[in-house]
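J.: Below is one structure. I have some questions about it.
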Amino acid sequence: MATIFEKELTDLKGMVLKLGAMVEKAISDSIKSLVERDSKLAADVIDKDPQVNALDVEIDEECIRLIALRQPRAGDLRLITTAMKITTDLERIGDLAVDVSERALELNEEPQLKPYIDIPRMTEIAQGMVRDALDAFVKRDASLARDVLVRDDLVDNLNWQVFNELLFFMIQDPKTVSRAVKITYVSKYIERIADHATNIAEMVVYLVEGKIIRHMAVPDDRKKD
Amino acid sequence: MVKELKAEVKKLNFYYGGVQALKEINLPIERRKVSALIGPSGCGKTTFLRCFNRMHDLYPHNRYEGEITLYPDNINIISPEIDPIEIRMQISMVFQKPNPFPKSIYENVAYGLRVRGTSKRAVLDEKVEKSLRGAALWDEVKDRLHHLAFDLSGGQQQRLCIARALATDPRILLFDEPTSALDPTATSKIEELIIQLKDEVTIIIVTHNMQQAARVSDYTAFMYLGEIVEYDKTDRIFTAPSNKLTEEYITGRFG
Numbered sequence: 001m002a003t004i005f006e007k008e009l010t011d012l013k014g015m016v017l018k019l020g021a022m023v024e025k026a027i028s029d030s031i032k033s034l035v036e037r038d039s040k041l042a043a044d045v046i047d048k049d050p051q052v053n054a055l056d057v058e059i060d061e062e063c064i065r066l067i068a069l070r071q072p073r074a075g076d077l078r079l080i081t082t083a084m085k086i087t088t089d090l091e092r093i094g095d096l097a098v099d100v101s102e103r104a105l106e107l108n109e110e111p112q113l114k115p116y117i118d119i120p121r122m123t124e125i126a127q128g129m130v131r132d133a134l135d136a137f138v139k140r141d142a143s144l145a146r147d148v149l150v151r152d153d154l155v156d157n158l159n160w161q162v163f164n165e166l167l168f169f170m171i172q173d174p175k176t177v178s179r180a181v182k183i184t185y186v187s188k189y190i191e192r193i194a195d196h197a198t199n200i201a202e203m204v205v206y207l208v209e210g211k212i213i214r215h216m217a218v219p220d221d222r223k224k225d
Numbered sequence: 001m002v003k004e005l006k007a008e009v010k011k012l013n014f015y016y017g018g019v020q021a022l023k024e025i026n027l028p029i030e031r032r033k034v035s036a037l038i039g040p041s042g043c044g045k046t047t048f049l050r051c052f053n054r055m056h057d058l059y060p061h062n063r064y065e066g067e068i069t070l071y072p073d074n075i076n077i078i079s080p081e082i083d084p085i086e087i088r089m090q091i092s093m094v095f096q097k098p099n100p101f102p103k104s105i106y107e108n109v110a111y112g113l114r115v116r117g118t119s120k121r122a123v124l125d126e127k128v129e130k131s132l133r134g135a136a137l138w139d140e141v142k143d144r145l146h147h148l149a150f151d152l153s154g155g156q157q158q159r160l161c162i163a164r165a166l167a168t169d170p171r172i173l174l175f176d177e178p179t180s181a182l183d184p185t186a187t188s189k190i191e192e193l194i195i196q197l198k199d200e201v202t203i204i205i206v207t208h209n210m211q212q213a214a215r216v217s218d219y220t221a222f223m224y225l226g227e228i229v230e231y232d233k234t235d236r237i238f239t240a241p242s243n244k245l246t247e248e249y250i251t252g253r254f255g
């Protein structure tokens, strides 16, 4: 039979997952609002962000309460501290989805510069990373978390590709600069989402194995700018 | 930094008559550190602690096997050739309930020294003061050293027992649940004291209170069914133990 504390931990995981589901939807809606030029959807993502913020605070408060009252140890302690850190990353992902939506609102006011191909691909990978990192959190699956870490390079490479392509547009025709810069921003936001997913995955490895793997070996092409 | 050992337990077995209570225990005891023994009731932690000062010799049919080597002398504490009375001077025990002798505060602390044959007043005075200071009790009792020890509060009596243990300049101090009969304020005073004492003496503590082990110790050994299941740095045991059984005990899933 589950103790009260075990039930509280299960509920905490549920809250983190709920937050995860909210930001995943925010990511896909924000990109959809750009690709399909749907400004109403973009506004909707922005309007829903306070809900993400509120749940972020709620999870923090619950974690602090559990630490104070239950004095968690070992695996329980790692679960609660991991939930706290993951939540911060999820909230930042929510903010990035808002940033994407704001750029979409601006870009939707002007003629489309080019069809979006790489950005939806990047988004799909980044979103899969967030989903799998959270899945790894719930299942305490360190190998799935490590798989997420590897995928960060794909997103970085696509971001670089998008940047070079837009650079070419800008050199060819200065009238494209305003739009092209905004699209490079979007690409950068997605790249940052993948970075946050990486943070989450690293925390999951800590949760499962008790080892902190952050900042261990950062390959050259993963260095932050 | 190279670890310096004060004692080392090697293949220790202990039997109460025909019943084996400790099985193949191996454990390093680091010098001037606090080592905590934790585990569910009946796991053998008190039995193990009592081996260190030969308390089991007080009853017939008890039997030790293996070694507890005391450094730097390299003597085996549990060898029959070693005098248990002298061992108890060097390895003192503080018990669960404060147990002062029905004597004055002064005489409680001086007792071990008198047994050793010290009778010079000046020497005794100096030792008594030093020990009472060491046990953070001096300021509270210096004006009534010749009052009966029972006049003190529970927490003060426990610190008196610590002073009594310190008087013979022990190499190791053993604590068996030293705060289970005390209120939270007295408990935190004893815990502070334990942390201070490790500057001078090696400490082994048995405690039921896991948070206490977490607060005071540098190393923790988890015992179960007479065996050491896991031994590691305390922060490791309380954040990421290696053994599943330790994890379950530490997180309150059993025991």
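Residue numbers (the working numbering), protein chains in the order written: chain A, 1 to 225; chain B, 1 to 255.
Cβ coordinates follow ideal geometry from the N, Cα and C atoms, glycine included.
(1) Please decide whether Thr-239 of chain B counts as near chain A, where near means a Cβ-Cβ distance under 8 Å.
(2) Mind checking if Leu-113 of chain A is an interface residue toward chain B, Cβ cutoff 8 Å exclusive?
(3) Keeping to the same chain, check which residues put their C-beta closer than 6 Å to that of Tyr-189 of chain A; ignore five residues upstream and five downstream.
(4) So, for Leu-124 of chain B: in the same chain, excluding its five sequence neighbours on each side, which residues have a beta-carbon less than 7 Å away from its beta-carbon?
(5) For Ala-104 of chain A, which of A:Val-177, A:Met-15, A:Glu-36 has the nearest alpha-carbon?
(6) For the stretch 204-230 of chain B, which residues have a CB atom closer than 9 Å to at least one CB atom of chain A, in sequence order?
(7) Just to check my reading of the structure: Met-122 of chain A and Leu-158 of chain A have Cβ atoms closer than 8 Å, yes? What is that Cβ distance to the nearest angstrom?
(8) Go ahead and pull the three-state DSSP assignment for Asn-99 of chain B.
(9) Between Lys-223 of chain A and the rest of its own chain, which residues show a CB-CB distance below 6 Å, the 5 nearest in sequence each way excluded?
(10) Within a Cβ cutoff of 7 Å, which residues of the same chain sit near Ile-86 of chain A, ignoring the five residues on either side of it in sequence?
(11) Determine the burial state of Pro-102 of chain B: buried for a count of at least 16 other Cβ atoms within 10 Å of its Cβ, exposed for fewer.
(12) Can you grab the Cα-Cα spacing for the pair Asp-143 of chain B / Arg-88 of chain B, in whole Å?
(13) In chain order, what residues of the same chain lie with their CB nearer than 8 Å to the CB of Lys-182 of chain A, ignoring the 5 residues before and after it?
(14) What I want to know is whether the C-beta of Ser-104 of chain B ends up closer than 7 Å to one or more non-hydrogen atoms of the ligand HEM.
(15) Would DSSP call Ser-153 of chain B helix, strand or coil?
(16) Hey, which unbroken runs of the alpha helix (DSSP H) at 4 residues or more fall wholly within the stretch 26-86 of chain A?
(17) Below 8 Å CB to CB, which residues in the same chain sit around Glu-58 of chain A once its five sequence neighbours on both sides are set aside?
(18) Quick one: list the residues of chain A neighbouring Pro-247 of chain B, beta-carbon separation under 7 Å, in chain order.
(19) So, does the CB of Arg-78 of chain A fall closer than 8 Å to a CB anywhere in chain B?
(20) Quick check: Ile-172 of chain B and Leu-193 of chain B, are their CB atoms within less than 8 Å of each other?
(21) By how many angstroms is the C-alpha of Val-94 of chain B removed from the C-alpha of Val-9 of chain B?
(22) Curious, which full-length alpha helix (DSSP H) runs of at least 4 residues does the stretch 193-233 of chain B contain?
(23) Check whether the Cβ atoms of Leu-245 of chain B and Tyr-224 of chain B lie closer than 8 Å to each other.
(24) Cα separation between Gly-44 of chain B and His-147 of chain B?
(25) Work out the CA separation of Ile-250 of chain B and Met-210 of chain B for me, nearest whole Å.
(26) Of all the CB atoms in chain A, is at least one closer than 8 Å to the CB of Ile-87 of chain B?
(27) Comparing C-alpha positions only, which one of B:Ile-228, B:Tyr-15, B:Ser-35, B:Glu-24 sits nearest to Tyr-64 of chain B?
(28) Quick one: which chain A residues come within Cβ less than 7 Å of Ile-250 of chain B?
(29) Does the pairing of the stretch 108-117 of chain A with the stretch 125-140 of chain A give three or more beta-carbon distances under 8 Å?
(30) So, do the stretch 18-37 of chain B and the stretch 212-220 of chain B have three or more beta carbon pairs nearer to each other than 8 Å?
(31) Output yes if chain B places a C-beta closer than 8 Å to the C-beta of Gly-210 of chain A; else output no.
(32) Could you name the residues that DSSP lists as bridge partners for Val-278 of chain B?
(33) Entirely within the stretch 104-175 of chain A and at least 4 residues each: give me those alpha helix (DSSP H) ranges in chain order.
(34) Taking Cβ positions, are Val-162 of chain A and Ile-93 of chain A nearer each other than 8 Å?
(35) For Leu-167 of chain A, which option in A:Tyr-185, A:Ile-27, A:Arg-70 has the closest C-alpha, if you only look at C-alpha atoms?
T.: According to the structure data:
(1) Stepping through the second sequence from its first residue, residue 239 of chain B is reached at position 239. Taking CB atoms only, Thr-239 of chain B has a neighbour in chain A less than 8 Å away.
(2) On the first sequence, position 113 is the one that residue 113 of chain A refers to. Proximity of Leu-113 of chain A to chain B, defined by a Cβ-Cβ separation below 8 Å, is not satisfied.
(3) On the first sequence, position 189 is the one that residue 189 of chain A refers to. Contacts found: Leu-96, Asp-99, Val-100.
(4) Your numbering for residue 124 of chain B matches position 124 in the second sequence. Answer for Leu-124 of chain B: Ala-110, Leu-113, Thr-118, listed in chain order.
(5) Against the first sequence, residue 104 of chain A aligns to sequence position 104. That would be A:Glu-36, whose Cα lies nearest to the Cα of Ala-104 of chain A.
(6) Of all residues in the stretch 204-230 of chain B, Met-210, Gln-211, Ala-214 have a Cβ within less than 9 Å of some Cβ in chain A.
(7) Position 122 of the first sequence, counted from the first residue, corresponds to residue 122 of chain A. Position 158 of the first sequence, counted from the first residue, corresponds to residue 158 of chain A. Their Cβ separation, rounded to whole angstroms, is 4 Å, which keeps Met-122 of chain A and Leu-158 of chain A in contact under 8 Å.
(8) For the purposes of this step, residue 99 of chain B is identified with residue 99 of the second sequence, where counting begins at 1. In the three-state DSSP reduction, Asn-99 of chain B falls in the coil class, being neither helix nor strand.
(9) The residue you call residue 223 of chain A lines up with position 223 of the first sequence. Low per-residue confidence applies at Lys-223 of chain A: pLDDT is 46, beneath 50, and the placement is therefore not dependable, though the value from the model is reported in the following sentence. For Lys-223 of chain A, where only same-chain residues beyond five positions count, there are no Cβ hits under 6 Å.
(10) The count along the first sequence starts at 1 and reaches residue 86 of chain A at position 86. Same-chain partners within the cutoff: Val-16, Phe-137, Ile-200, Met-203.
(11) Taking the first residue of the second sequence as position 1, residue 102 of chain B is located at position 102. By the 10 Å Cβ count, Pro-102 of chain B comes out exposed.
(12) The count along the second sequence starts at 1 and reaches residue 143 of chain B at position 143. The count along the second sequence starts at 1 and reaches residue 88 of chain B at position 88. Each residue's Cα considered, the two are about 30 Å apart.
(13) Taking the first sequence and counting its residues from 1, one reaches residue 182 of chain A at position 182. So the list reads Arg-103, Glu-106, Leu-107, once near-sequence residues are dropped.
(14) In the structure on display, the ligand HEM does not appear, and there are no ligands present to speak of.
(15) Indexing the second sequence from 1 puts residue 153 of chain B at position 153. Correct three-state label for Ser-153 of chain B: coil.
(16) The qualifying runs are 39-70.
(17) Start at 1 with the first residue of the first sequence, and residue 58 of chain A comes out as number 58. Closer than 8 Å at Cβ, skipping near neighbours: Met-15.
(18) To locate residue 247 of chain B, count along the second sequence from 1; it is residue 247. Sequence check: residue 247 of chain B is Glu here, not Pro. Among the residues of chain A, those whose CB is under 7 Å from the CB of Glu-247 of chain B are Ala-74, Gly-75, following chain order.
(19) If you number the first sequence from 1, residue 78 of chain A lands on position 78. Yes - at least one Cβ of chain B is within 8 Å of the one on Arg-78 of chain A.
(20) Locating residue 172 of chain B in the second sequence gives position 172, where the first residue counts as 1. Locating residue 193 of chain B in the second sequence gives position 193, where the first residue counts as 1. Using a Cβ distance threshold of 8 Å, Ile-172 of chain B and Leu-193 of chain B do not count as a contacting pair.
(21) For the purposes of this step, residue 9 of chain B is identified with residue 9 of the second sequence, where counting begins at 1. For the purposes of this step, residue 94 of chain B is identified with residue 94 of the second sequence, where counting begins at 1. Taking the straight line from one Cα to the other gives about 21 Å.
(22) The qualifying runs are 210-216.
(23) Here residue 245 of chain B refers to the residue found at position 245 when the second sequence is read from its first residue. Here residue 224 of chain B refers to the residue found at position 224 when the second sequence is read from its first residue. Going by C-beta atoms, Leu-245 of chain B is nearer than 8 Å to Tyr-224 of chain B.
(24) The sequence position of residue 44 of chain B within the second sequence is 44, counting from 1. The sequence position of residue 147 of chain B within the second sequence is 147, counting from 1. The alpha-carbon atoms of Gly-44 of chain B and His-147 of chain B are separated by roughly 38 Å.
(25) As a first step, residue 210 of chain B is located in the second sequence; it is residue number 210 there, counting from the start. As a first step, residue 250 of chain B is located in the second sequence; it is residue number 250 there, counting from the start. Approximately 7 Å, taken between the alpha carbons.
(26) Here residue 87 of chain B corresponds to residue number 87 of the second sequence, with the count starting at 1. The Cβ of Ile-87 of chain B sits no closer than 8 Å to any Cβ of chain A.
(27) Within the second sequence, the letter at position 64 stands for residue 64 of chain B. Of the candidates B:Ile-228, B:Tyr-15, B:Ser-35, B:Glu-24, the residue whose Cα lies closest to the Cα of Tyr-64 of chain B is B:Tyr-15.
(28) Position 250 of the second sequence holds residue 250 of chain B. Near Ile-250 of chain B (Cβ distances below 7 Å), the residues of chain A are Arg-73, Ala-74.
(29) No: the two stretches stay apart, fewer than three of their Cβ pairs being nearer than 8 Å.
(30) Three or more pairs of CB atoms, one per stretch, sit closer than 8 Å, so the stretch 18-37 of chain B contacts the stretch 212-220 of chain B.
(31) Within the first sequence, the letter at position 210 stands for residue 210 of chain A. Closer than 8 Å to some Cβ of chain B, the Cβ of Gly-210 of chain A qualifies, so yes.
(32) Summary: the structure shown does not reach residue 278 of chain B, with chain B confined to residues 1 through 255, and so no result is reported for it.
(33) For the stretch 104-175 of chain A, whole alpha helix (DSSP H) runs of length 4 or above, ordered along the chain, are 118-139, 142-172.
(34) Position 162 of the first sequence, counted from the start, is the residue given in the question as residue 162 of chain A. Position 93 of the first sequence, counted from the start, is the residue given in the question as residue 93 of chain A. It is not a contact, given that the beta carbons lie outside the stated cut-off.
(35) Residue 167 of chain A sits at position 167 when you count from the first residue of the first sequence. Nearest of A:Tyr-185, A:Ile-27, A:Arg-70 to Leu-167 of chain A, Cα basis: A:Tyr-185.
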